[in-house]
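For the protein sequence lines, the chains are A and B, in the order given. If you read the first sequence in full-length UniProt numbering, its first letter stands for residue 1, the second for the next number, and so on. If you read the second sequence in full-length UniProt numbering, its first letter stands for residue 1, the second for the next number, and so on. Where is the CB? At the ideal position from N, CA and C, for every residue including glycine. Following: one structure in structure tokens, then a few remarks.
2 protein chains.
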Amino acid sequence: MGPLLRTVELFYDVLSPYSWLGFEVLCRYQNIWNINLQLRPSLIGGIMKDSGNKPPGLLPRKGQYMANDIKLLRHHFQIPIQFPKDFFSVIIEKGSLSAMRFLTAVSLEHPEMLEKASRELWMRVWSRVKFSSEIPIQYHAAAEKAGMSAEQAQGLLEKISTPKVKNQLKETTEAACRYGAFGLPITVAHVDGQTHMIFGSDRMELLAFLLGKLKIQH
Amino acid sequence: MGPLLRTVELFYDVLSPYSWLGFEVLCRYQNIWNINLQLRPSLIGGIMKDSGNKPPGLLPRKGQYMANDIKLLRHHFQIPIQFPKDFFSVIIEKGSLSAMRFLTAVSLEHPEMLEKASRELWMRVWSRVKFSSEIPIQYHAAAEKAGMSAEQAQGLLEKISTPKVKNQLKETTEAACRYGAFGLPITVAHVDGQTHMIFGSDRMELLAFLLGKLKIQH
Chain A
1 MGPLLRTVEL FYDVLSPYSW LGFEVLCRYQ NIWNINLQLR PSLIGGIMKD SGNKPPGLLP
61 RKGQYMANDI KLLRHHFQIP IQFPKDFFSV IIEKGSLSAM RFLTAVSLEH PEMLEKASRE
121 LWMRVWSRVK FSSEIPIQYH AAAEKAGMSA EQAQGLLEKI STPKVKNQLK ETTEAACRYG
181 AFGLPITVAH VDGQTHMIFG SDRMELLAFL LGKLKIQH
Chain B
1 MGPLLRTVEL FYDVLSPYSW LGFEVLCRYQ NIWNINLQLR PSLIGGIMKD SGNKPPGLLP
61 RKGQYMANDI KLLRHHFQIP IQFPKDFFSV IIEKGSLSAM RFLTAVSLEH PEMLEKASRE
121 LWMRVWSRVK FSSEIPIQYH AAAEKAGMSA EQAQGLLEKI STPKVKNQLK ETTEAACRYG
181 AFGLPITVAH VDGQTHMIFG SDRMELLAFL LGKLKIQH
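The structure is reproduced here in structure tokens:
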């Protein structure tokens, strides 16, 4: 028998900077680790509410730490991430409901474009590309940059408010909660009949260790 | 000129399991990385109060995650850590004031024994050795296991309540807060005239990256 293709699910939200880091590491390593990577657009606000947790940036000292941390991680991970100047208006007030519905629509209609479309949205929230308040323009630009035609992008925008898309995002967010999420990203590795949930982007060596087929003794 | 000996400070509390992980990694790598490792016994309760943060274990879903996380990290880091069965009574109710005053006394009187004495206390809180409610017996046993004579151990116990020890622990805890701590461990690396504060035990590759003398562009 050849080696099994292990499934690894990444639950993420584009409001979460550490989700971006985890996303890029998994995209880079999916072939090296021989994993079947499943991208799961989720709603961080729903997870915070369901778990009773609060966004780390709301505690002043954590917010200050995150700003420095991201500055260092940008260089270490070679990802063009930077803290938005208007953090509170972009991240806290605006929220990500429409963005994650847009990515959910991509996952349903054009799953092969989900990776690129997700990255384009992160580039707009957490990098040099300015996040426009004109939502349709925003998503059009991201979709086209990800390789879609203008018609495909328009079709997706029309699907954002459909029950199918709304329910799918709700179901994915609930699945993350059932895995024990209290924030994002979470990575769920299905290895040798066991399921391991890993929170955050700083346990990637632990994931590599788990994928190394070592049986954990309980 | 030869390479400079970089100073790295670890602020820790034996109530914090991730402090133990960070402590062991730094102890293992101090010679490999050629760092001057300074151990700084601190009071996590004081840091939580000063920063407005709450212990992660108090949020049920985080507490559940931590229990699984520690089970996995035990194997990955090869550290005999395990979640205490009586977590709330050992960790939350009992607190660590006397334990950290004891280690502060060790740091003042027998600094060369601080590493071993700290490890012995972690073994008692977070490993197989039962944490005794008889505080003096507890510290006597840890001190002797760390290599002290019965007289040295007795001398330390008598110093726990002195103003010198109390003030030193307070000052160290305040120093951690000035570095921006909202929990423990924090690692403070002094590299090329820059100071970097790293929270937690899961940024050790980032620390290695910083020690690699790469200048961070701001």
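In the DSSP assignment, A/Glu112 falls outside any beta strand (DSSP E), carrying neither H nor E. Against chain A, a Cβ distance below 9 Å from B/Gly95 picks out nothing, because the smallest value is about 21 Å.
Separation of A/Cys27 and A/Leu21 (C-alpha to C-alpha, rounded to the nearest whole angstrom) is 10 Å. Inter-residue distance for B/Ser118 and A/Tyr12 is about 38 Å (C-alpha atoms, whole angstroms). Along the segment 62-79 of chain A, the positions whose C-beta sits under 8 Å from a C-beta of chain B are Lys62, Gln64, Tyr65, Asn68, Asp69, Lys71, Leu72, Leu73, His75 and His76, read in chain order. With the rule of 3 Cβ pairs closer than 8 Å, the segment 193-203 of chain B does not count as touching the segment 181-196 of chain A.
Under the three-pair Cβ rule at 8 Å, the segment 142-160 of chain A counts as touching the segment 106-114 of chain A. Around the CB of A/Thr173, 16 or more other CB atoms lie within 10 Å, so the residue is classed as buried. Nearest CB-CB separation between B/Glu205 and chain A: below the 9 Å threshold. Under the 9 Å criterion on CB atoms, B/Phe209 is classed as interfacial with respect to chain A. A/Glu205 sits exposed, since fewer than 16 C-beta atoms from the chains shown fall within 10 Å of its C-beta. The CB of A/Asp202 comes closer than 7 Å to the CB of Asp202 and Arg203 in chain B, given here in chain order. Taking C-beta atoms as the reference points, B/Phe102 and B/Val25 fail to come closer than 9 Å. For the 9 Å CB-CB criterion, B/Leu43 and B/Met113 do not form a contact. Residues of the same chain with a CB within less than 7 Å of the CB of B/Glu115, apart from the 5 flanking positions on each side, are Cys27 and Leu39 in chain order. Rounded to whole angstroms, the gap between the alpha carbons of A/Ala146 and A/Gln82 is 21 Å. The contact set of A/Ser51 on chain B, defined by CB atoms closer than 9 Å, consists of Leu59, Pro60, Arg61 and Lys62 in chain order. Taking the Cα of B/Val14 as reference, the smallest distance to any Cα among B/Thr7, B/Ser161 and B/Leu97 is reached at B/Leu97. At a beta-carbon threshold of 7 Å, the residues of chain B lying near A/Gly180 are Arg61, Gln64 and Tyr65, ordered along the chain. Counting the other CB atoms within 10 Å of its CB gives B/Ala150 a total below 16, which places it among the exposed residues. Membership of A/Val188 in the beta strand (DSSP E) is indicated by the continuous run Ile186 to Val191.
Taking a Cβ-Cβ cut-off of 9 Å, B/His110 has no neighbours in chain A, whose nearest Cβ is about 33 Å from it.
Of A/Ile160, A/Pro17, A/Lys170 and A/Leu210, the smallest CA-CA separation from A/Pro84 is found for A/Pro17. If you look at A/Arg40, you'll find it in the beta strand (DSSP E) that goes Ile35 to Pro41. B/Thr195 carries a strand assignment under DSSP once its states are collapsed to helix, strand and coil.
Residue pairing by DSSP places A/Phe11 opposite A/Arg40 and A/Ile186 in a beta bridge. Among the CB atoms of chain A, one or more fall inside 9 Å of the CB of B/Met197. About 6 Å separates the CB atoms of A/Gly180 and B/Arg61; that is less than 8 Å, so the two are in contact. Residues of the same chain with a CB within less than 6 Å of the CB of A/Arg74, apart from the 5 flanking positions on each side, are Ile81 in chain order.
As a beta-bridge residue in DSSP terms, A/Arg6 pairs with A/Ile35. A/Gly200 sits buried, since 16 or more C-beta atoms from the chains shown fall within 10 Å of its C-beta. It is roughly 43 Å from the alpha-carbon of A/Gln168 to the alpha-carbon of B/Cys177.
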